[in-house]
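Protein chains in written order, with the numbering used here: chain A, 2 to 614; chain B, 811 to 1298; chain C, 16 to 119; chain D, 5 to 496.
First the structure, in the form of structure tokens, and then the observations on it.
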Amino acid sequence: MISFAWLIPLFPLISFMVLILSGKKLKNASGYLAILLTGISFLLTIGVLLDLRTITEFEVIWPWLTVGEIEFQAGALINPLNGLMLFVVSFVSLLIHIYSLGYMGEDDRKSSYFAYLSLFTFAMLGLVMSPNLLQFYMFWELVGLGSFLLIGFYLYKESAKKAARKAFIMTRIGDAGLLIGLILLFWQTKTLSFLEIFQAIEQQKLAPGMITLIAILLFIGAVGKSGQFPLHTWLPDAMEGPTPVSALIHAATMVAAGVYLVAATYPLFLASEWALIIVSVIGAFTAIFAATIGLVQDDLKRVLAYSTVSQLGYMMLALGAGGYVAGVFHLTTHAFFKALLFLAAGSVIFALKNQHIKQIAGSGKHLAVTKWTFLIGTLAISGFPLLSGSFSKEAIFAALLEDGQYGLLAVALFTAFLTSVYMFRLYFLVFHGKGEDKPERTVPLCMNGPMVILAVFAVIAGFFGSQLADWLAGGQGSFAVLHHSPTWLIFLATLVSLGGIVLAYYIYLRKQINQEEWKETFSSTYTILYNKYFIDEFYENTILYSTRAISYLIFYIEKYVVETAMAFVSGTIKAIGTRGSRLQTGQVQTYGTVALLGLAAIVLFFVVKGGYM
Amino acid sequence: MDLETLLSFQWGMMAPEFTILITGVIVSLQDLFYGKKRLSNWLAIIGILLAMVFLSAQYQHVPVSILYDTYVFDQVSFFFKYILLMGTLLILLMTSTSRDEETEKVRGDFHYLLLAALLGGMIVVSSADIITLYAGLELLSISSYILVGLRKYNRNANEGAMKYIITGSLASAVTLFGLSYIYGLTGTTNLYDISREMSVIDTQLEPLAVLGFVITFVGLTFKISTVPFHMWTPDVYQGAATPITAFLSVVSKAAGFLLLIRIFVAAFTTEPGLSDDLTVYEYAIGFAGVLAAITMIIGNTVALRQRNMKRLFAYSSIAHAGYLLIPLVALSAFSLETIWFYLLAYMWMNIGAFAIIHVLIQNHQTEDISMFSGLYQRSPVLALMMTLFLASLAGIPATAGFIGKFNIFLGALSADPAHYVLAAIMIGTTVISYVYYFNILVQMYSRPKAESSPIQVPKALWLTIAICAAGTLVFGLFPNLALQFFSW
Amino acid sequence: MSAVPAQGYLILALILFCIGLFGALTKRNTIIVLISIELMLNAVNLNLVAFSKYGIHPNITGQVFSLFSITIAAAEAAVGIAILLALYRNRRSVQINEMDTLKH
Amino acid sequence: MGLLSLLLFSPMIGLLLISILTKNSDHKSIHRYAVLGGIIPLVISWVAYIQFQGHNQLAERVSWFSYQGGQQSFVIDYELALNGFRLALILLTTLIVMLAILASVKQITKNPRLFYQWLFVLELGILGVFASDNMFLFFFFFELTLIPMFFLIGKWGHVEREEAAYKYVIYNGLGSAVLLIAIVAVFAQAGTTNFEAVQAYMAQRDDMAFQVGVLIAFLVAFGVKLPIIPLHSWMVSVHVYAPPAVVMIHAGVLLKIGAYGLLQFGSGMFPDAFPVFAVTIAVLGLINLLYGAFLALIQDDLRKVFAYASVSHMGIILLGIAGMNTAGYQGAIFQTISHGLISALLFYLVGILILRTGTTNLKKLGGMWTAAPVLSGLFLTGALAGLGLPGMSGFVSEFMAFVGVFEQLPLFGAVGVIGIILTVVYFLRAILNMTFGDPRKNKYEKMADIGKGELFPAGVLVAFIILIGVYPDSLSQLLQITLETLVTGMGG
């Protein structure tokens, strides 16, 4: 089975091509087709995973591009990490395809939607099985394309247009870093294959400074894709897309690709202390930074988006602190519970056609399945004991402790507290309270089903931590260790998580703590948080403004320097012509005089030249 | 000189000249007694054809000189006579069915004067003696003066002729003045003797030699219409009837260039030259480079402002003369070949263009550029031909004009030292010339047609245009035909 | 040998030439202009004859040349006058500065 | 007559068909004959492709003319030969001309007969440029393209068409003027203009100053064609005012002569001196890249956006060349081909857009997707290809060009990579403003989507773009020998 692994991404690709070329005719069938083909991919993935128990690494490559003596290749690399990612991607993707059947059921452009979704699935599957950085980069960009298309799916909305554009551009900024990094790496090692790069690093072929530089450049790519500070602003805006898309792309898979990138090139990062420090600091900062913003947002999906940013920060933090398994573990659990949360949020939006949490306050309670699954997801993300999130978070804390990063540990714990607060704020506001709005339509089975399945996974995924560590260790080597927390840390983490829940309970459900008062007391803080630290405005006024300024500067150079120079030349030519023509007075004696003067000048010249004067 | 010596010369070699002379006499007698204009035309054409046949017999003939080296038949004279004869033939064809009322009245004069001018040109081409040269030159000039003024009831023609003769006489006085110094220094008028004397010239007299060189050169720029004696050109071209303008720009100019080659290249390039190891030519010719540069610039820039087609072509002809000076400045083994080829190409394209202008002027009674407007719709073939001629004049590939320019270029850059500046000015001004040539193209293809009446094109004119087009194209695509022919 | 050196003739010729030139370029009457040009040609003739007699290589050619040039000058002048007549018939003027319809 | 000559002169068949058979015909049959005339070179070029794969360079040589001057003889022959790069460009030419003819069927209503006549002359010129094996012949055909382009712009263009045509002629005239000086200077030294012979001569003569001088001239000459800032303003006018079908050829093929020339004349003939210019070319490339990108950012006319995008993309070609290694050259060549396809696609679509709306002003367009989803989707596809999305040809070429330049000049490469972020910005700005957004903003609400018949050319171009993007070896295998000759001369 594993030797057919390279077929996995092809099915969604077929789906994409069929749908884009003849989707209009297929109408409703388009969804089923996409599900069918994604399902085949999923089954293949299961087959591959089964094989992977015995074979730890499998690679198949073909020449792709010959440049003189250099040969760039394409192919598929299956190792435990990739296998895990394959599973997560194809599984969540399949569920979301099914879910979309209901969610997008009434949309005219359904076939386009499924086409894009398939395209994304194809790209994401291709991404996680890339045997080299070039192929990785290509699929990396393609998932960006899928994300772009889906964010902008409601293309008649101005906001969707802006969000799509922003997503593409912001991630592209990161991609530029990645591209520079990989080309540098290429000239250092003469290869882009992951395995050969690792060998080169092992043999210490690279200067330490170069490794750090390359690692940081690769990390910039990850920052862009995973919405880390300072390139995070696109991710909340990306919520303009249909909610299943947010679940798949902007929660479970694509945004995690940045984390995956760091994980996949982990030996490179391990070889550079500074790179790791930067990864962990950025991760930690992003985690707490996004969590604080999440506290005050009023849009259902935006809160989840900031939560995603924050959780991705966690993963980066883990990786930066040497918690390889912890990071990947959290990636996996997060994929399940965050996808779950988004799907639940999606069904709220589907039923109520509104996503402003204050406007729909409490109305969620009419949707029973949604309410309970959302609660499970919320508990999981908050790190409630025995749910998946608690295990992966503890692993991260343990890794930090192991690494001696006490400051970062404190940040992480505080973020965990904030996480429970804002998540339960969401839960209490949406699903408890008056709830005047009646749902406009019922949530169909095809939507509830995936939610329930994900809920199951959100509950149980946490128990497989040590299996995961063994699994990953099979392929990767010494760094794949799951750190275990000391009891006090587990206790502390649980406390923090429960504390957040309790606080949220008192503020939002019991209303014993008046939030309005708080708002006034900390009005400036509130304003800053509500406006997301004014980062967008800051970019607007600095980067965008200066870009536009440069553009206009060049525009004026073009207009006044280039064009003027041209006008000057042509003007000179014309002026000579005019002068020459004016000299032509029609007086024959003038003609004679000119000739005489010409003769005189020439004679004079020779007299001077010959030295007779 | 007794009869025996006189008969010992190979007079047969002069058969072309005699043919022209006799034809001229016959035509003038015919005109006097019968006054059948059409007959004159055919007689002249037959005469020229005959002359060409005689001339062809001299192909690859060893160089011969008669009359004590005053009259030579060599490669150069052979090839240039071809241009002169061919050019005149084309112009005669062009006028053979002319409807122009004014030329109608003076048709007979026109023919024998043209033949006389042609004869003058042929004498210039073959002369190796300053006196013959001068006589030939003046025969050509004086005939041309009259030709220009032939339309005696036309004020422009009068004025043009008057300006022409005044400038021309001034120029010939200057030329003669220079020539008199050359004679004074060498004591001979034979070009070969002059060149021999020049090589042993007294150091003190060197300045005088240079002076003679320069003054003569400047005087002769009149004939080829380059700076400083160029200003008559537009006025005269505008004043003269179109076929005569064509004659002046092609035949007369070709003779003028040969004159320069004969006098200066033959007489002033002998080693050892001046005291600093340069020949007089090498020492002094630099100024001709400056003249060439100014000529090219003036010709091409002023042409930009012209709307009168004949004036425009006058300036264009000034510019082309400027290009042609370059091979003289950068004298090398193939300068002669270059000049000849260019003149040949220039003959095809310029006479072709003038033929079309001639047609249009007759159809429209205007010389403004607007006469070309909508030509493509009225007569696509004519427009296409004009495009070809203009492309050639502008030096676009696949035309003889391009190869001509390429030759000049190659000459300028393969000379030692290479004349990069001149080459650059030449090509730069060529680009300027695109503008006014392409202006005509725009008129032809993109402007609404001026009149919807069909254009009357006489058959003989079609023939002229066709020959010119064929020449332009064939020599553009297969320059070797000409180049091989030249290097026998 | 004559008392007058060759330079004398040459300078005289040069002066004559310049006078002719001046006349040709400044006089308004076309007849005068044509006469001035004759003067220039005669200056050349003087040159030729002087060279023929007192030149470095005195010989007869110069005089022959001057005969040619006189003849040709006569022809030129005749043509000039003829053209001027035609012009006068059309314009009723021999003023050279009035001949400026063709310009620019 | 060899196959190459046949190919070279095959547009004449179309020209004759049009000239002889359609004298009094209606437009429909003129278009039909034009299509026929376009197919002929296309077919022959594919035959040449098949022959070439059998390692047949199809070289032809007939002596043409020569001069004997003193000891030296100057020989110019009619020499044609293929290499991979040239063949690729020839295939591109015949394809794009064919598609341009298809585009013209609807877009050219004014005097189509004359239009096609000039178009075929133009095709002849372009094919000649790419098929010739010596500098003279190259120049011969290079210059020959001037008149047809002048008319195609000046007669069938939009608004300021004649100014644009004159600008085209003047700039290109000056460019070829400089080129001619350089060519003749080399010819005067070497006595031949054959590429290989000149290379051999230069290697043996080893006169660095002369080579550098000639190379500067080449840089300027091809800099006009490419175009290199600040020699670009003609090209913008042509993009904006020429008819889109002609711009397809212009942007798709004609501009490529610049890149081809730089590679063939620069590194092909002066392998020793060319690396001297690595940094210069890199700087010029960066300037092009950024200058074009920044300007494309604020244009209100779609055609201007694409024009400056072209300027920017040409910067990548220059960067690739500046790499002076296989990867860089291959990147430059790929970019040449890829940009040809992409800009042909974009301008094909522009032509269709103009037919529908009569404008390309971005301020007047918006929300087009609802009315015309397929057209909008194709525009987006074109833009994505242009911004170098993997899986499309643009990415492969950009990637290789950057790989190339990074070897010696990593800093330039890095700035270049950052520069291509702007590519995304301007492309998306233009395309999204036009296609996305509120459909009520679309003044042309009733505009028809792209028709079935019109889909074909776009489909072909997209197919090629994706083919190269997905399987670049299809092109790179063609280029291996060319690259070897380009690079081996440089000792690396």
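Note that beta-carbon positions come from the ideal geometry of N, C-alpha and C, so glycine has one too.
Query	Result
Chain-ordered chain D contacts of residue 552 of chain A [CB-CB under 8 Å]	298, 299, 301, 302
Contact belief for residue 494 of chain A with residue 395 of chain A at Cβ below 8 Å, rounded distance in angstroms	6 Å
Neighbour flag for residue 1119 of chain B against chain C, beta carbons, 7 Å	no
Alpha-carbon spacing of residue 443 of chain D relative to residue 293 of chain D, whole angstroms	34 Å
Spatially closest choice to residue 1261 of chain B from B:1217, B:1116, B:864, B:1171, by CA coordinates	B:1171
Beta-carbon neighbours of residue 411 of chain D, restricted to chain A and to distances below 8 Å	188
Within chain D, partners of residue 563 of chain A - CB distance below 7 Å	234, 237
Residues that residue 77 of chain A bridges to, as DSSP identifies them	A:61
Within 7 Å, strictly: CB atoms of residue 242 of chain A and residue 236 of chain A	no
Residues near residue 45 of chain C by beta carbon distance below 6 Å, same chain, minus five either side	99, 109, 111
CB contact below 7 Å: residue 511 of chain A versus chain D	no
Buried/exposed call for residue 357 of chain A, threshold 16 Cβ in 10 Å	exposed
Which listed residue (B:1197, B:1290, B:1281, B:1126) has its alpha carbon closest to that of residue 152 of chain D	B:1197
Span of the alpha helix (DSSP H), counted from its first residue to its last, around residue 941 of chain B	940–958
Buried or exposed (CB count within 10 angstroms, at least 16 for buried), residue 452 of chain D	exposed
Residues near residue 1293 of chain B in its chain [Cβ-Cβ closer than 8 Å; skip 5 each side]	1147, 1151
Three-state secondary structure assigned by DSSP to residue 65 of chain D	strand
Counted within 10 angstroms of its Cβ, other Cβ atoms place residue 212 of chain D as buried (16 or more) or exposed	exposed
Top-ranked residue by Cα proximity to residue 1258 of chain B, from D:25, D:11, D:114	D:114
CB contact flag (residue 1289 of chain B, residue 69 of chain D, <7 Å)	yes
Beta-carbon separation (whole angstroms), residue 199 of chain D vs residue 138 of chain D, contact threshold 8 Å	6 Å
Integer-rounded CB distance, given that residue 357 of chain D should sit under 8 Å from residue 469 of chain D	With 8 Å as the limit, residue 469 of chain D and residue 357 of chain D do not qualify as a contact, their Cβ atoms being about 19 Å apart.
Buried or exposed by the 16-neighbour rule on C-beta atoms within 10 Å, applied to residue 1116 of chain B	buried
Reference residue 490 of chain A, options A:566, A:417, A:304, closest by Cα	A:417
Burial state of residue 12 of chain D (16 or more Cβ within 10 Å)	buried
Residue 875 of chain B versus residue 1073 of chain B: straight-line alpha-carbon distance, rounded	16 Å
Any C-beta of chain C under 7 Å from that of residue 594 of chain A	yes
DSSP-derived helix/strand/coil call for residue 71 of chain C	coil
Residue 1299 of chain B - DSSP class collapsed to helix/strand/coil	In the structure displayed, chain B extends from 811 to 1298; residue 1299 of chain B sits before or after that span and is not available.
Nearest residue (CA-CA) to residue 106 of chain D, options D:197, D:178, D:248	D:248
Proximity below 7 Å, CB of residue 1279 of chain B to CB of residue 903 of chain B	no
7 Å Cβ cutoff, residue 1249 of chain B in contact with chain C	no
Environment of residue 496 of chain D [buried if 16+ CB atoms lie within 10 Å]	Per-residue confidence for residue 496 of chain D stands at a pLDDT of 35, beneath the threshold of 50, marking its modelled position as unreliable; no derived number is given.
Chain-ordered residues of the stretch 1264–1291 of chain B with a beta carbon less than 8 Å from chain D	1288, 1289, 1290
Continuous beta strand (DSSP E) stretch holding residue 844 of chain B: start and end	Taken as a continuous stretch (DSSP letters only), residue 844 of chain B belongs to no beta strand (DSSP E), as it is neither H nor E.
Proximity winner among B:964, B:879, B:1070, B:1054, relative to residue 954 of chain B (alpha-carbon distances)	B:1054
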